[in-house]
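Visitor: Numbering (the working numbering), first residue to last: 60 to 623.
Encoded structure:
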């Protein structure tokens with residue numbers, strides 16, 4: 060029963076309970092004074108029923124005062140007594156209506172207040188229990204009180220008051236509970252966001268302070284390697300120093316990425332590059348460690364070059380962590396980086412990192428990408444911080460990519476990675492076709508995306524779509540669009556951030572007309588508003604047509620669109 064009504068020790072409720080105890084002591088005392096005062100003025104005697112109720116009321120008053128004094132010294136205690144008083148409140152009111160109905164008929168309102176107050180203080184479950192005791196309380200005067208048998212209107216009022224308490228006030232209490240829960244959750248999220256923001260800023264400062272002296276080390280290594288190396292022994296020493304500096308720089312970058320990923324501040328910098336060259340370059344960097352362990356590092360790329368628009372630094376980060384992880388866990392054999400041909404159907408790049416290491420048990424794979432997770436011999440040796448694969452997952456989620464793991468003990472491990480990228484192959488319509496308006500639609504809900512894109516194509520315009528901000532950034536970096544419809548409420552990184560970065564950059568869409576779309580009527584006004592207009596979902600074909608026909612404003616504040 061106590062769990063059902065939410066009874067629990069809580070020092071924060073002590074002050075409220077002390078106030079309620081004071082009210083319990085005051086109300087019976089006022090009622091007793093009222094009864095005695097009436098009889099004194101009228102020169103009448105107190106009836107036996109009134110006398111019994113007065114004794115009970117004074118005892119109730121004394122018990123309330125004693126409980127109030129107890130709560131002062133024991134703020135977390137008295138839970139059972141608190142809820143016992145909740146049961147007795149309607150009983151003492153019902154007894155008053157039986158013992159002195161003509162004098163205490165105003166207790167009708169007190170019965171309603173008692174029920175409703177419990178609902179607002181303790182919730183709907185406690186209110187249901189209080190209603191049950193209220194029915195017991197009102198049954199005493201209604202069954203045994205002769206006054207209530209003759210005064211049918213008063214009896215009906217009492218019944219309706221108790222009966223309607225739930226139907227009238229339960230929706231209000233439910234709304235209050237929901238609003239309170241939302242407020243608590245909002246406060247929790249704000250506190251969490253502040254904590255993550257502070258962590259990100261701290262790591263940014265630490266990264267800056269450590270990278271500056273690290274740059275001096277790397278420069279000194281470069282100069283020494285160029286001028287002073289005379290034999291293989293010196294070259295090996297310099298190579299070891301370089302590997303250490305590279306590993307330190309990689310860990311600093313990964314820590315900063317993990318922190319920024321937590322608060323959605325990871326940046327996307329799409330640019331044009333050839334993927335095969337990237338694979339060979341990063342394999343050469345990681346290859347020094349593989350060679351030092353006697354491993355063979357194989358890079359398998361297609362014969363035809365693959366030119367794309369994507370973020371090469373983030374792809375490098377993902378693959379470097381996977382290759383480093385594979386090299387670290389492989390004692391003998393090969394580590395392979397395989398680049399597959401561009402997958403046009405999904406507009407993505409596919410990489411595989413394959414090793415001949417000890418493999419991973421199947422039950423460990425689900426937790427493989429959790430931060431600070433290590434496995435195999437690395438756990439006992441204490442090598443690695445366990446952040447590499449967590450970084451891989453964080454970056455891939457941000458880029459809209461995926462990674463699948465297949466492994467068996469004693470066989471090795473295969474990481475299959477797919478990353479969205481925009482192919483530059485001349486197959487798509489060129490950007491300078493004057494007769495065709497090119498439109499981009501960005502929304503994380505596929506049904507909304509397909510619906511708006513279908514309308515745009517029905518109007519006769521060429522339309523690209525993006526389910527993630529990362530894919531949209533690649534598209535915006537690859538070709539110019541006449542209009543871009545961008546959903547404000549994108550996951551991980553918002554549509555506002557995408558539009559702001561597009562405006563600030565020097566890409567082909569810095570002056571493109573960008574229309575914000577959302578379920579909100581008008582977006583929040585803020586400085587540096589990057590949108591030209593706003594459409595509210597659901598969006599009609601006429602609204603889309605008007606948005607495409609409007610001139611580019613490169614607005615600095617939000618504008619309400621007509622007819623959306």
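Note that CB positions come from ideal geometry on N, CA and C, so glycine has one too. Note that the structure is a prediction, hence the values are computed from the model and not measured.
Which residues bound the alpha helix (DSSP H) around residue 410?
Guide: Taking the chain shown and counting its residues from 1, the one referred to as residue 410 is at position 351. Segment 407–414 is the beta strand (DSSP E) holding residue 410; no alpha helix (DSSP H) there.
Visitor: Would a C-beta distance cut-off of 8 Å place residue 369 and residue 358 closer than the cut-off?
Guide: For the purposes of this step, residue 369 is taken as the residue at position 310 of the chain shown. For the purposes of this step, residue 358 is taken as the residue at position 299 of the chain shown. It is not a contact, given that the beta carbons lie outside the stated cut-off.
Visitor: Contact check, residue 333 vs residue 365 under 8 Å by CB: the rounded distance?
Guide: In the chain shown, counting from the first residue as 1, residue 333 sits at position 274. In the chain shown, counting from the first residue as 1, residue 365 sits at position 306. Rounded, the Cβ-Cβ distance is 7 Å, consistent with contact.
Visitor: In whole angstroms, what separates the C-alpha of residue 397 from that of residue 555?
Guide: Residue 397 sits at position 338 when you count from the first residue of the chain shown. Residue 555 sits at position 496 when you count from the first residue of the chain shown. Roughly 36 Å between the two C-alpha positions.
Visitor: In the DSSP assignment, find the unbroken alpha helix (DSSP H) run with residue 187 in it and report its ends.
Guide: As a working note, residue 187 is residue 128 in the chain shown. Looking at the DSSP string, the run of the alpha helix (DSSP H) that includes residue 187 is 183–203.
Visitor: Could you pull the DSSP bridge partners for residue 330 from this structure?
Guide: Position 271 of the chain shown, counted from the first residue, corresponds to residue 330. For residue 330, which the question treats as bridged, DSSP gives the partners 369.
Visitor: Between 298, 258 and 290, which lies nearest to residue 276 when the distance is taken from Cα to Cα?
Guide: In the chain shown, counting from the first residue as 1, residue 276 sits at position 217. When each option's Cα is compared against that of residue 276, the closest is 298.
Visitor: Please state if the CB of residue 265 and the CB of residue 224 are separated by a distance shorter than 8 Å.
Guide: Position 165 of the chain shown, counting from 1, holds the residue named residue 224. Position 206 of the chain shown, counting from 1, holds the residue named residue 265. For residue 224 and residue 265, no; Cβs fall outside 8 Å.
Visitor: Please go through the region 475–544 and give each complete beta strand (DSSP E) segment of 3 or more residues, from N-terminal end onward.
Guide: Runs found: 497–501 and 521–525.
Visitor: Cutting at 6 Å between CB atoms, please list the residues of its own chain near residue 186, excluding the five before and the five after it.
Guide: Working through the chain shown from its first residue, we reach residue 186 at position 127. Contacts found: 177 and 178.
Visitor: Residue 441 to residue 310, Cα distance in whole Å?
Guide: Sequence index remark: in the chain shown, residue 441 carries index 382 (1-based). Sequence index remark: in the chain shown, residue 310 carries index 251 (1-based). Residue confidence is low: residue 441 scores 42 on pLDDT, short of 50, so the model does not pin down where it sits. Its coordinate-derived value is still stated next. So the two alpha carbons sit approximately 16 Å from each other.
Visitor: Below 8 Å, how does it come out for the region 496–515 and the region 466–480: are there three or more Cβ pairs, yes or no?
Guide: With a cut-off of 8 Å, the region 466–480 and the region 496–515 do not count as touching, because too few Cβ pairs lie within range.
Visitor: What does the alpha-carbon distance come out to for the pair residue 596 and residue 483?
Guide: The residue you call residue 596 lines up with position 537 of the chain shown. The residue you call residue 483 lines up with position 424 of the chain shown. Taking the straight line joining both Cα atoms gives about 33 Å.
Visitor: So, with DSSP's three-state summary, where would you put residue 399?
Guide: Within the chain shown, residue 399 is the residue found at index 340, counting from 1. Reduced to three states, the DSSP call for residue 399 is coil.
Visitor: If you check the beta carbons only, do residue 329 and residue 473 fall under 8 Å apart?
Guide: Numbered from 1 along the chain shown, position 270 holds the residue referred to as residue 329. Numbered from 1 along the chain shown, position 414 holds the residue referred to as residue 473. No, the Cβ-Cβ distance between residue 329 and residue 473 is not below 8 Å.
Visitor: Between which two residues does the beta strand (DSSP E) holding residue 574 run?
Guide: Looking up residue 574 in the chain shown gives position 515. Looking at the DSSP string, the run of the beta strand (DSSP E) that includes residue 574 is 572–577.
Visitor: For a test of the three-state rule: what should DSSP assign to residue 78, helix, strand or coil?
Guide: On the chain shown, position 19 is the one that residue 78 refers to. Reduced to three states, the DSSP call for residue 78 is helix.
Visitor: How many angstroms separate the CA atom of residue 415 from the CA atom of residue 529?
Guide: Looking up residue 415 in the chain shown gives position 356. Looking up residue 529 in the chain shown gives position 470. Taking the straight line joining both Cα atoms gives about 33 Å.
Visitor: Give a yes or no on contact between the region 382–394 and the region 545–555, applying the rule of three or more CB pairs nearer than 8 Å.
Guide: Result no; under three Cβ-Cβ pairs closer than 8 Å.
Visitor: Does the beta-carbon distance from residue 575 to residue 590 come in below 8 Å?
Guide: As a working note, residue 575 is residue 516 in the chain shown. As a working note, residue 590 is residue 531 in the chain shown. Contact flag set, yes.
Visitor: Which residues does DSSP list as the beta-bridge partners of residue 380?
Guide: On the chain shown, position 321 is the one that residue 380 refers to. Answer is none; residue 380 lacks a bridge partner.
Visitor: Does the distance from the CB of residue 156 to the CB of residue 200 come in under 8 Å?
Guide: Sequence index remark: in the chain shown, residue 156 carries index 97 (1-based). Sequence index remark: in the chain shown, residue 200 carries index 141 (1-based). Going by C-beta atoms, residue 156 is nearer than 8 Å to residue 200.
Visitor: CB residue 496 to CB residue 541, shorter than 8 Å?
Guide: Start at 1 with the first residue of the chain shown, and residue 496 comes out as number 437. Start at 1 with the first residue of the chain shown, and residue 541 comes out as number 482. Against a cut-off of 8 Å, the Cβ pair of residue 541 and residue 496 comes out as a contact.
Visitor: Between residue 150 and the rest of its own chain, which residues show a CB-CB distance below 6 Å, the 5 nearest in sequence each way excluded?
Guide: Indexing the chain shown from 1 puts residue 150 at position 91. Hits under 6 Å: 196.
Visitor: Quick one, are the C-beta atoms of residue 313 and residue 450 less than 8 Å apart?
Guide: Here residue 313 refers to the residue found at position 254 of the chain shown. Here residue 450 refers to the residue found at position 391 of the chain shown. Yes, Cβ-Cβ distance for residue 313 and residue 450 is below 8 Å.
Visitor: Measuring alpha carbon to alpha carbon, tell me which of 479, 94, 90 and 559 ends up nearest residue 371.
Guide: By one-based count along the chain shown, residue 371 stands at place 312. Closest option to residue 371, Cα to Cα, is 479.
Visitor: From this set, 392, 498 and 425, which residue's C-alpha is nearest residue 417's C-alpha?
Guide: Your numbering for residue 417 matches position 358 in the chain shown. Comparing Cα-Cα distances from residue 417 to each of 392, 498 and 425, the minimum goes to 392.
Visitor: Please list the terminal residues of the continuous beta strand (DSSP E) segment that includes residue 595.
Guide: The sequence position of residue 595 within the chain shown is 536, counting from 1. From DSSP, the beta strand (DSSP E) with residue 595 extends over 592–595.
Visitor: With the cut-off set at 8 Å, would you say residue 476 and residue 459 are in Cβ contact?
Guide: Here residue 476 refers to the residue found at position 417 of the chain shown. Here residue 459 refers to the residue found at position 400 of the chain shown. Result no, Cβ atoms of residue 476 and residue 459 do not sit closer than 8 Å.
Visitor: Skipping 5 residues on each side, what residues in its chain have a beta carbon closer than 7 Å to that of residue 140?
Guide: If you number the chain shown from 1, residue 140 lands on position 81. Here the set comprises 126.
Visitor: In or out: residue 114 buried (at least 16 other Cβ within 10 Å) or exposed?
Guide: Along the chain shown, read from residue 1 onward, the residue named residue 114 stands at position 55. Burial call: exposed.
Visitor: Could you please give the first and the last residue of the uninterrupted beta strand (DSSP E) stretch that includes residue 122?
Guide: Residue mapping note: residue 122 aligns to position 63 of the chain shown, counting from 1. Run containing residue 122: none in the beta strand (DSSP E); it sits in the alpha helix (DSSP H), 107–132.
Visitor: Using the rule of at least 16 other Cβ atoms within 10 Å of the residue's Cβ for burial, across every protein chain shown, is residue 170 buried or exposed?
Guide: To locate residue 170, count along the chain shown from 1; it is residue 111. Buried: at least 16 other Cβ atoms inside 10 Å.
Visitor: Going by DSSP, what residue range makes up the beta strand (DSSP E) through residue 359?
Guide: Taking the first residue of the chain shown as 1, we reach residue 359 at position 300. First-last of the beta strand (DSSP E) with residue 359: 355–359.
Visitor: Beta carbon of residue 604, beta carbon of residue 518: below 8 Å?
Guide: Translated into the one-based positions of the chain shown, residue 604 becomes position 545. Translated into the one-based positions of the chain shown, residue 518 becomes position 459. Result yes, Cβ atoms of residue 604 and residue 518 sit closer than 8 Å.
Visitor: What does residue 470 pair with, by DSSP beta-bridge criteria?
Guide: Taking the chain shown and counting its residues from 1, the one referred to as residue 470 is at position 411. In DSSP, residue 470 forms no bridge with anything.
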